[in-house]
Amino acid sequence: MKWSGILVGGVIGAAATLYFSRKRPGAVAWAASAMSDVAGKSVARMLSASSGLKREAADLAPKHTDDTAANSAAAWERIEAIVESDPAVKQEVNKIRAESSNISH
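Quick note: the sequence shown uses the working numbering, first residue 1240, plus one each step.
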């Protein structure tokens, strides 16, 4: 949009406001109130929509269950079994463990 369009629109709006304020003094106050209500409602809708998204994200997040520890223990046992079954993997794991123990945290 060009600046000239914005300026012409502003001048036309100002002239219309002056005309209506002289013709009907309460009309300008009513229009301002109506615009304020519309703006307030739109802000409220945006905020409620964003809180709905937060609730939806919370519903989709993984939940802690009592069997999580058991599943984790079973997974670690399977990993240990895989490491123990292959000597090359076991050597690499031991090398990584040695390197990580040398690094100060």
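Virtual Cβ for every residue (Gly too), placed ideally from N, Cα, C.
Predicted model, so just to flag it, every value in this text is computed and none were measured.
Per-residue DSSP class, three states only, for residue i
| i | result |
| --- | --- |
| K1378 | The structure shown does not extend to residue 1378, since the chain spans only 1240 to 1344, so no value can be given for it. |
| K1241 | coil |
| R1263 | coil |
Residue interval of the alpha helix (DSSP H) (run including residue i)
| i | result |
| --- | --- |
| I1335 | 1326-1341 |
Nearest-angstrom beta carbon gap, residue j and residue i [assumed within contact, 8 Å]
| i | j | result |
| --- | --- | --- |
| K1329 | E1338 | Not quite, the Cβ-Cβ distance comes to about 15 Å (not below 8 Å), so this is no contact. |
| F1259 | A1266 | 5 Å |
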